[in-house]
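Take any residue in the sequence shown, count from 1 to its spot, add 10: that is its number in the numbering used here.
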Amino acid sequence: MADAPQLPDDAETRARWGNFAWSAESAEKAKEILSRYPEGRQLSCSIPFLDLAQRQVGAETNTQGWLPIPVIEFVARELGVPYIRIFEVATFYTMFNLVPVGRYHVQVCGTTPCMLRGSDDVMAACKSRGMKKGHTTEDGLFTLTEVECMGNCSSAPMVQINDDNFEDLTFDRTIAILDALAKGESPKPGTQEPGRHTVEPVGAPTNLAAMVTENHDYRPEWGSAA
Numbered sequence: 011m012a013d014a015p016q017l018p019d020d021a022e023t024r025a026r027w028g029n030f031a032w033s034a035e036s037a038e039k040a041k042e043i044l045s046r047y048p049e050g051r052q053l054s055c056s057i058p059f060l061d062l063a064q065r066q067v068g069a070e071t072n073t074q075g076w077l078p079i080p081v082i083e084f085v086a087r088e089l090g091v092p093y094i095r096i097f098e099v100a101t102f103y104t105m106f107n108l109v110p111v112g113r114y115h116v117q118v119c120g121t122t123p124c125m126l127r128g129s130d131d132v133m134a135a136c137k138s139r140g141m142k143k144g145h146t147t148e149d150g151l152f153t154l155t156e157v158e159c160m161g162n163c164s165s166a167p168m169v170q171i172n173d174d175n176f177e178d179l180t181f182d183r184t185i186a187i188l189d190a191l192a193k194g195e196s197p198k199p200g201t202q203e204p205g206r207h208t209v210e211p212v213g214a215p216t217n218l219a220a221m222v223t224e225n226h227d228y229r230p231e232w233g234s235a236a
């Protein structure tokens, strides 16, 4: 808990975000989201509303976006629920940033499958480009965070940068992605393994029938009870 970020709620933050309101585009999306739920179930909109608000903040600041406290208060008012109910959601899900982040939020998975497959090299690549866990680079370009499993174990190690996942990483592949982003380019998301498209086996697919065919010493009767 000592490393938990302190949510900014100073006069400067209030002055900047105290009058937050939906943009015309966000207002249309909010209306569509709200229509999905019956009357009295507005709290179900808390996650999509917070995501919409974070994206609008990101568009206004040219960053990945975050949720200042006045923005969370705005969402609560929009849904007609106590502030604490929305605050609970915002602080529970790590998809919501509670402090400012850079233009690119680099989230490196350090859970066991990624660690065994080389996440330390991914982290080293980030550090070689001036990143430090829990901090944003001085140019405001990158924020580095270490996260838990993000569900890409079959193509580990991986990193999520804003809305995109990059998988099958090495030190050099991570450097190439970061350098491309720094130049304003859009590197290809997904697996970085040549010839691989999703998480199919590297090389030819295998199955049990093929294993049996290839094992000439196999005898079906070996599996029978004596």
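Here a beta-carbon is modelled for each residue, glycine too, at the ideal position from N, C-alpha and C. A quick note: this is a predicted structure, and the numbers were derived from the prediction, not measured.
Residue i and residue j closer than 8 Å at C-beta
i           : j           : result
residue 60  : residue 77  : yes
residue 109 : residue 57  : no
residue 112 : residue 155 : no
residue 36  : residue 64  : no
residue 164 : residue 209 : yes
residue 127 : residue 188 : no
Span separating the alpha-carbon of residue i from that of residue j
i           : j           : result
residue 93  : residue 206 : 46 Å
residue 176 : residue 114 : 13 Å
residue 251 : residue 74  : Since the first and last residues shown for the chain are 11 and 236, residue 251 lies out of range.
residue 192 : residue 149 : 10 Å
residue 52  : residue 107 : 22 Å
residue 168 : residue 179 : 6 Å
residue 85  : residue 72  : 21 Å
residue 26  : residue 69  : 15 Å
residue 211 : residue 129 : 20 Å
residue 38  : residue 30  : 16 Å
residue 89  : residue 79  : 16 Å
residue 142 : residue 217 : 43 Å
residue 24  : residue 83  : 11 Å
residue 55  : residue 123 : 34 Å
residue 219 : residue 201 : 28 Å
residue 81  : residue 95  : 14 Å
residue 131 : residue 166 : 12 Å
residue 213 : residue 184 : 23 Å
residue 181 : residue 171 : 16 Å
residue 43  : residue 153 : 30 Å
Distance between beta carbons of residue j and residue i, contact taken as under 8 Å
i           : j           : result
residue 174 : residue 199 : 4 Å
residue 40  : residue 32  : 6 Å
Item to complete: Would you check if the region 13-29 and the region 40-58 touch, i.e. whether three or more CB-CB distances between them fall below 8 Å?
Response: no
Worksheet item: Which ranges does the beta strand (DSSP E) cover as unbroken runs of at least 3 residues, wholly within the region 93-172, from first to last along the chain?
Response: 114-119, 152-157, 169-171
Discussion item. Below 8 Å, how does it come out for the region 147-166 and the region 114-132: are there three or more Cβ pairs, yes or no?
Written reply: yes
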